[in-house]
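In the numbering used here, the protein residues as written are 132 to 502. Cβ coordinates follow ideal geometry from the N, Cα and C atoms, glycine included. This structure is a prediction, so every number in the text was calculated from the model and none was measured.
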């Protein structure tokens with residue numbers, strides 16, 4: 132019996148050692164997997180960081196080939212492990228061909244490793260812009276609490292947004308000096324590819340401005356304070372545009388036969404409220420045609436400004452005012468806002484039955500555009 136026990140002993144010990152080894156392996160395997168995953172993530176982050184740095188340098192080289200100069204004092208890439216954060220200090224962009232100079236105190240380019248299809252660009256500190264072209268001088272020194280440009284590419288759509296909070300600064304327009312304050316601004320652009328081979332790509336544009344004040348420019352027709360401006364439009368674009376000018380784009384869009392859809396247009400400026408929805412096309416003479424629904428508050432002031440700018444004649448202003456006075460009286464709106472249809476046909480704009488004004492051809496307005 133003692134001999135049999137001794138023979139069974141090593142097998143029993145082996146089973147115990149095997150069980151202990153498996154338990155250790157079950158503990159160490161997750162730890163090893165985490166370590167390997169962190170190492171792989173570190174390699175992935177470094178590859179993205181090198182890619183961001185390389186893209187910035189490639190952009191600099193590309194601009195140099197166009198006769199432009201993009202330079203900075205320092206380029207630093209950090210942010211591990213959460214984000215790839217490339218910071219450029221004392222950035223300067225000089226483009227003599229378009230008459231533009233931009234100097235930025237600091238610019239940051241951020242890319243999240245787990246979302247490589249998105250990119251974020253922040254402008255920090257003082258920014259200086261000078262643009263001289265076509266006999267105009269535009270210069271501005273500005274600073275914002277938040278100035279962010281974001282881009283995203285996903286499936287069939289590419290989008291870009293701009294966010295501004297508390298933008299303040301001073302500028303010059305030709306010989307006029309002015310100061311400005313923008314409480315809130317947001318712009319968005321989405322380019323969507325067609326889901327069908329025969330379809331057309333689509334462009335959607337949105338803009339929101341809240342509380343913009345400009346002091347020093349006497350030419351503003353409704354005063355220095357713009358309380359609200361909202362725009363939301365969409366249109367289908369041609370698949371190919373032969374010439375990259377405003378006139379070329381308009382001509383190509385006209386050939387598509389598709390409308391410009393105005394989903395929302397709201398302007399509250401100097402006591403005048405204006406809201407527009409509808410759709411417009413360009414006819415064979417590059418004149419707009421279509422229908423809009425116009426909602427106006429303080430129409431008397433609006434007509435007075437339009438007449439003062441020479442957009443309509445005094446007789447037209449009086450005729451339109453009589454119609455709008457009656458509609459405002461019967462509308463029942465406490466602020467006397469009135470909604471009326473606008474019709475565009477043959478270059479003329481009709482406010483109900485009243486011919487309001489005659490438009491200039493869109494192609495005439497874009498003559499002289501440069502590629």
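Which residues DSSP lists as bridging residue i, in chain order
{"i": "residue 472", "result": "424"}
{"i": "residue 303", "result": "270, 308"}
{"i": "residue 222", "result": "235"}
{"i": "residue 209", "result": "216"}
{"i": "residue 487", "result": "DSSP output for residue 487 lists no bridge partner at all."}
{"i": "residue 292", "result": "281, 319"}
{"i": "residue 242", "result": "215"}
{"i": "residue 275", "result": "298"}
{"i": "residue 479", "result": "476, 489"}
{"i": "residue 419", "result": "413"}
{"i": "residue 351", "result": "DSSP lists no partner for residue 351."}
{"i": "residue 190", "result": "Note: residue 190 sits in no beta bridge, so no partner."}
{"i": "residue 179", "result": "Answer is none; residue 179 lacks a bridge partner."}
{"i": "residue 313", "result": "298, 343"}
Distance, residue j Cα to residue i Cα
{"i": "residue 384", "j": "residue 367", "result": "8 Å"}
{"i": "residue 275", "j": "residue 380", "result": "33 Å"}
{"i": "residue 297", "j": "residue 354", "result": "20 Å"}
{"i": "residue 165", "j": "residue 173", "result": "12 Å"}
{"i": "residue 395", "j": "residue 205", "result": "44 Å"}
{"i": "residue 228", "j": "residue 460", "result": "55 Å"}
{"i": "residue 500", "j": "residue 264", "result": "Interpretation of residue 500 is limited by its pLDDT of 42, a score under 50 that renders its predicted location unreliable; the figure taken from the coordinates is listed afterwards. For residue 500 and residue 264, the distance between alpha carbons rounds to 12 Å."}
{"i": "residue 187", "j": "residue 269", "result": "27 Å"}
{"i": "residue 285", "j": "residue 408", "result": "29 Å"}
{"i": "residue 483", "j": "residue 390", "result": "21 Å"}
{"i": "residue 413", "j": "residue 219", "result": "45 Å"}
{"i": "residue 326", "j": "residue 195", "result": "37 Å"}
{"i": "residue 312", "j": "residue 235", "result": "19 Å"}
{"i": "residue 176", "j": "residue 388", "result": "47 Å"}
{"i": "residue 278", "j": "residue 253", "result": "6 Å"}
{"i": "residue 266", "j": "residue 212", "result": "50 Å"}
{"i": "residue 329", "j": "residue 178", "result": "39 Å"}
{"i": "residue 350", "j": "residue 258", "result": "26 Å"}
{"i": "residue 443", "j": "residue 449", "result": "10 Å"}
{"i": "residue 301", "j": "residue 245", "result": "40 Å"}
{"i": "residue 440", "j": "residue 210", "result": "54 Å"}
{"i": "residue 470", "j": "residue 430", "result": "11 Å"}
{"i": "residue 502", "j": "residue 378", "result": "Because the pLDDT of residue 502 is 38, which lies under 50, any placement of that residue in the model is unreliable, and the question is left without a value."}
{"i": "residue 496", "j": "residue 418", "result": "Only weak support is given to the placement of residue 496: the predicted model assigns it a pLDDT of 47, under 50, and the value that follows is read from those uncertain coordinates. About 11 Å."}
{"i": "residue 192", "j": "residue 171", "result": "31 Å"}
{"i": "residue 310", "j": "residue 304", "result": "11 Å"}
{"i": "residue 397", "j": "residue 185", "result": "43 Å"}
Under 8 Å between C-beta atoms of residue i and residue j
{"i": "residue 405", "j": "residue 436", "result": "no"}
{"i": "residue 271", "j": "residue 260", "result": "yes"}
{"i": "residue 478", "j": "residue 490", "result": "yes"}
{"i": "residue 546", "j": "residue 255", "result": "The structure shown does not extend to residue 546, since the chain is modelled only from 132 through 502, so no value can be given for it."}
{"i": "residue 320", "j": "residue 332", "result": "no"}
{"i": "residue 341", "j": "residue 315", "result": "yes"}
{"i": "residue 485", "j": "residue 454", "result": "yes"}
{"i": "residue 224", "j": "residue 197", "result": "no"}
{"i": "residue 358", "j": "residue 294", "result": "no"}
{"i": "residue 467", "j": "residue 422", "result": "no"}
{"i": "residue 273", "j": "residue 231", "result": "no"}
{"i": "residue 215", "j": "residue 183", "result": "yes"}
{"i": "residue 226", "j": "residue 251", "result": "no"}
{"i": "residue 308", "j": "residue 365", "result": "no"}
{"i": "residue 208", "j": "residue 189", "result": "no"}
{"i": "residue 356", "j": "residue 401", "result": "yes"}
{"i": "residue 221", "j": "residue 233", "result": "no"}
Span of the alpha helix (DSSP H), counted from its first residue to its last, around residue i
{"i": "residue 507", "result": "Any answer about residue 507 is impossible in this case: the structure gives the chain only from 132 up to 502."}
{"i": "residue 437", "result": "430-439"}
Terminal residues of the beta strand (DSSP E) in which residue i lies
{"i": "residue 442", "result": "Per DSSP, residue 442 belongs to no beta strand (DSSP E) and is neither H nor E."}
{"i": "residue 202", "result": "200-202"}
{"i": "residue 247", "result": "246-264"}
{"i": "residue 337", "result": "333-346"}
{"i": "residue 406", "result": "403-413"}
{"i": "residue 399", "result": "391-400"}
{"i": "residue 364", "result": "356-367"}
Supposed contact pair residue j and residue i - C-beta distance, whole angstroms, cut 8 Å
{"i": "residue 292", "j": "residue 318", "result": "7 Å"}
{"i": "residue 420", "j": "residue 476", "result": "6 Å"}
{"i": "residue 360", "j": "residue 338", "result": "7 Å"}
{"i": "residue 563", "j": "residue 445", "result": "Since the displayed the chain opens at 132 and closes at 502, residue 563 lies outside it and no answer follows."}
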